[in-house]
Amino acid sequence: MRRALADVLYHPEYLNYLKELRLTSSFVCGELSQSNIRKISEEGLYYVFNRCDPKMAKRLASQELLVLKFGLEELLFAKGSFEKRLREVAELFGLMDWDLAPLLFFTAPSFFFLPREEVLAYAESRFRLSAKDCSYYLYNQRLKKAFERSEEQKIFREPREFVAAVMTFYREEQRRLELVDKEDSQILEEMVDSLLTFDPFRINQAQVVWLKDLFDSFSETQKAAFRELATKKRLHPYLRRLVTDDARKGAVIDGSNLMMAGLYKPDPRRFLLLLNVMGAHVPLLYPFLIIFDANADHLVQTDREFWETRFLHNPSVIFHSPADEWILKIAYEKRYTVISNDRFRDYERSSVEILRFAPEKGKLYLT
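Have a look at this one:
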């Protein structure tokens with residue numbers, strides 16, 4: 390289904406485009422103020438033109454500085470018909486008024502539209518406006534009239550907001566077009582749906598390898614589409630990063646310690662909080678083993694269904710006493726990171742990295 394222009398209103402890329410346009414406009418208006426035009430240097434003026442549009446800057450580069458300054462003062466600050474001034478200054482520079490459109494847009498963004506290819510295409514499709522055989526000034530007048538009568542103007546209040554929206558809209562459309570066909574889209578859906586079925590505490594490593602290899606074979610556009618779809622479907626960041634991230638390091642989790650630390654009775658749901666933190670940690674802590682004291686199952690009296698489903702008869706979970714010895718041994722042999730709030734004072738840590746888990750702060754940090 391084709392998206393509507395209004396769909397981009399809160400899109401990060403739209404907000405970035407709009408911010409960039411506002412900053413450029415503010416800079417250009419400041420540099421080309423009436424008091425500043427006469428004293429601006431040739432290099433400074435060329436930089437202003439280049440900020441507006443590199444192609445326009447190249448077309449104006451051959452002009453004498455005095456001619457440019459005179460023309461700009463006439464165009465921006467003289468009295469009389471603006472259409473006539475624009476035509477005369479364009480002739481002075483040996484250009485068409487279309488060539489000066491970026492300058493007009495950034496000096497008066499509430500009146501002029503930036504005639505980017507995307508904007509012209511949208512106006513032709515939506516408002517049936519053609520730029521052929523027409524001056525820029527006349528085209529802009531027609532577009533402004535059509536825009537002010539449109540639904541778009543109720544959302545994007547001025548030409549600058551409209552231009553940012555159209556640029557974002559076409560960028561998003563292009564990304565979707567680059568997903569070659571429906572089969573590509575279906576593959577992405579199936580990948581995300583498959584990950585949504587994962588129990589993060591019972592991860593099939595062979596399946597992760599297969600999905601990671603598939604993701605690595607994608608184009609950059611397809612990878613971006615996968616991330617967008619994963620976010621849209623609320624796939625847990627840890628599960629998404631199993632596929633998207635290359636940097637990773639294995640971990641041994643001190644299960645009994647994390648389940649009991651600071652509590653009167655064990656809370657197995659603490660591992661959900663830990664998983665949230667692991668979803669943001671760099672590098673990705675994968676794969677991981679959880680080692681509990683041998684009597685841990687007898688200590689858990691609440692959330693038994695959650696406990697039994699996630700941790701009992703699980704190949705990624707070990708019950709052993711003393712657990713600390715095994716935690717450090719496995720971490721040392723496999724070069725894994727340990728996640729524990731224990732300081733292991735009775736054991737030789739052998740340069741094993743230990744991350745403490747602070748559930749109240751939602752972070753992991755080195756001891």
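Residue numbers (the numbering used here): 390 to 756.
Idealized CB from N, CA, C, for every residue including glycine.
Rounded to whole angstroms, the separation of the alpha carbons of residue 722 and residue 629 is 28 Å.
The three-state reading of DSSP puts residue 443 in helix, counting H, G and I together. The region 611-625 and the region 682-691 do not touch, with fewer than three beta-carbon pairs separated by less than 8 Å. About 31 Å separates the Cβ atoms of residue 511 and residue 581, ruling out a contact at the 8 Å cut-off.
The Cβ neighbour count for residue 422, taken over all protein chains shown within 10 Å, is under 16; the residue is labelled exposed.
With respect to the C-alpha of residue 707, the residue from 412, 547, 648, 644 having the closest C-alpha is 644. In this structure, the alpha-carbon of residue 719 lies about 35 Å from that of residue 607. The beta carbon of residue 557 sits closer than 7 Å to those of 397, 400, 402, 403, 406, all from its chain and outside the five residues before and after it, given in chain order.
For residue 522, the closest C-alpha among the options 694, 486, 587, 394 is that of 486.
Taking a contact as a CB-CB distance under 8 Å, the pair residue 518 and residue 535 counts as one, their CB atoms being some 6 Å apart. Residue 740 is classed as exposed because its beta carbon has fewer than 16 other beta carbons within 10 Å across all chains shown.
Look at residue 675 here: in three-state DSSP terms it is strand. For residue 456, the enclosing alpha helix (DSSP H) starts and ends at 454-466. For residue 620, the enclosing alpha helix (DSSP H) starts and ends at 609-621.
Under the three-state reduction of DSSP, residue 483 is assigned to coil, being neither helix nor strand. Annotation: the continuous beta strand (DSSP E) that includes residue 638 extends over 637-643. By the criterion of a C-beta distance shorter than 6 Å, residue 490 is surrounded in its chain by 504, 525, once the five residues flanking it on both sides are discounted.
Taking a 10 Å sphere around the C-beta of residue 635, we find fewer than 16 other C-beta atoms and assign the residue as exposed.
For residue 691, there is no enclosing alpha helix (DSSP H), since its DSSP letter is neither H nor E. In this structure, the beta-carbon distance from residue 640 to residue 586 does not fall below 7 Å.
Shown here, residue 747 sits in a strand according to DSSP, grouped into three states. Fewer than three beta-carbon pairs drawn from the region 541-550 and the region 591-603 are found closer than 8 Å, and the two stretches are therefore not classed as touching.
Its chain contains 519 as the residues whose beta carbon lies nearer than 7 Å to that of residue 513, once the 5 sequence neighbours on both sides are disregarded; these appear in chain order. The C-beta distance from residue 541 to residue 551 rounds to 6 Å, short enough to meet the 8 Å contact threshold.
The alpha-carbon of residue 473 is positioned some 32 Å away from that of residue 408. Residue 501 carries a coil assignment under DSSP once its states are collapsed to helix, strand and coil.
In its own chain, leaving out the 5 sequence neighbours on each side, no residue places its CB closer than 6 Å to the CB of residue 465. Boundaries of the beta strand (DSSP E) around residue 706: 706-708. Going by C-alpha positions, residue 463 is about 18 Å away from residue 501. Residue burial annotation: residue 483 is exposed, with fewer than 16 other C-beta atoms found within 10 angstroms of its C-beta.
For residue 728, the enclosing beta strand (DSSP E) covers residues 726-728.
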